[in-house]
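Since the structure comes first, as structure tokens, the remarks are kept for the end.
In the working numbering, the protein residues as written are 1379 to 1645.
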């Protein structure tokens, strides 16, 4: 009956069997029912993440201990396709209302909300957070209990920010941690290479490669010298087309130096 009538459920088949004189339980009918199988298995979790990577955000919380033994929480949102850190903020009390405001700020006015949002089953993702996410048209994907690999990209970023930044610094307080996180996120999005992106940064600066490799390379310290950004030094041609503000500053310094030299000569 189930094969010949694919639209019939267990109750419908139970009624037909009862009319024929067979008294069976609906659960017994469901046990022997076999739905038609087309031979194509349903996509797995990895295949789903690969197919919808540009439409998926993931968010999570992790803790940081300050120098004064105070616990602070860092909330962040990462985009699966580009590995960009969309949003990162620090708080001492991560409740549902605060997380709802953060997910709203992550979307912003110039950024389109994602289709899916992956997060765990932490109690901080409460009613206010759920309502805000639903109002933005985002479908939540909650990971299973004690399954960090289901949100592997977010967990991998937590490992990166700890091993490359927080494990080598003493955090004094809320503002210090927020400034440190902001500086590392900027470095992560613009300069840090990723193997999944063919050794490119999520949003690298678009600069033309030099025709000759005989110039001077400059190193800009990041996070107090914990990391460095290496770039080719600006050529004479680049200095001619420097921004107007930089030219004004340079002219002002030269003028001030000339005045001081004139005063010393007058003395």
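Even glycine gets a Cβ: it sits at the ideal position worked out from N, Cα and C.
Could you check what DSSP says for residue i in three-state terms: helix, strand or coil?
i            : result
residue 1398 : coil
residue 1615 : Summary for residue 1615: the model assigns pLDDT 41, below 50, so the residue's position carries little reliability; its value from the coordinates is reported in the next sentence. DSSP places residue 1615 in helix when its eight states are reduced to three.
residue 1426 : helix
residue 1610 : strand
residue 1408 : helix
residue 1466 : strand
residue 1575 : helix
residue 1476 : helix
residue 1567 : helix
residue 1381 : coil
Short of 8 Å in beta carbon distance, which residues of its chain neighbour residue i, apart from the five on each side in sequence? Order them along the chain.
i            : result
residue 1472 : 1439, 1451, 1453 and 1502
residue 1482 : 1510 and 1514
residue 1604 : 1542, 1543, 1546 and 1547
residue 1489 : 1464
residue 1582 : 1568 and 1569
Closer than 7 Å by C-beta to residue i: which residues in its own chain qualify, once you throw out the five before and the five after it? Chain order, please.
i            : result
residue 1408 : 1388
residue 1449 : 1441 and 1443
Tell me which residues share the same chain as residue i and place their Cβ nearer than 6 Å to its Cβ, disregarding the 5 neighbours each side in the sequence.
i            : result
residue 1437 : 1455 and 1497
Just list the residues that DSSP pairs residue i with in beta bridges.
i            : result
residue 1599 : 1606
residue 1581 : Residue 1581 pairs with nothing; no bridge assigned.
residue 1403 : Residue 1403 is not bridged to any residue.
residue 1439 : 1453
residue 1434 : 1494
Scan the stretch 1478-1560 and note each continuous alpha helix (DSSP H) run of 4 residues or more that stays entirely inside, going in chain order. Listed in chain order, the complete alpha helix (DSSP H) runs (minimum 4 residues) inside the stretch 1478-1560 are 1505-1513 and 1530-1542.
Does the structure place the stretch 1457-1474 close enough to the stretch 1546-1566 that three or more beta carbon pairs sit under 8 Å? Flag = yes, the stretch 1546-1566 and the stretch 1457-1474 touch.
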